[in-house]
Amino acid sequence: MNASEAPVFGEPNWNRYRTRVAEMLTDVEADMQQRGYGLSLEGLTLEVAERLSLGVATLEDFQVLEALVKALRPVAREAVRTIREQQGGQFALLLL
Numbered sequence: 001m002n003a004s005e006a007p008v009f010g011e012p013n014w015n016r017y018r019t020r021v022a023e024m025l026t027d028v029e030a031d032m033q034q035r036g037y038g039l040s041l042e043g044l045t046l047e048v049a050e051r052l053s054l055g056v057a058t059l060e061d062f063q064v065l066e067a068l069v070k071a072l073r074p075v076a077r078e079a080v081r082t083i084r085e086q087q088g089g090q091f092a093l094l095l096l
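With UniProt numbering, letter number 5 in the sequence shown gets 5, and the count goes up by one each step, no holes.
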């Protein structure tokens, strides 16, 4: 599936899709922080697309996913912060 074909707000699968994107984004943020790297918004978008097996073959695909990643990035960062506090700085990395 290409990112531009993914569910949009108001569709029945929207909440599940948004949750999956947020989970993958949180995993990417945690992974990057643990490794001491940073990713730009474009890099995060491509990494999330890869982990979700979403196609970003066109500019429209990329822009659609990038907008969602941009909107969810504060949520992911808060999730990473919460995990760090709860686990004393330790993360369980999701290895795909």
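Idealized CB from N, CA, C, for every residue including glycine.
Closest in C-alpha terms to Phe-62, from the list Asn-13, Lys-70, Arg-16, Thr-45, comes Thr-45. In this structure, the alpha-carbon of Val-69 lies about 17 angstroms from that of Gln-33. Asn-2 sits in a strand when the DSSP states are folded into three classes.
The DSSP-derived three-state label of Gly-43 is helix. Partner residues in a beta bridge of Gly-38, as assigned by DSSP, do not exist.
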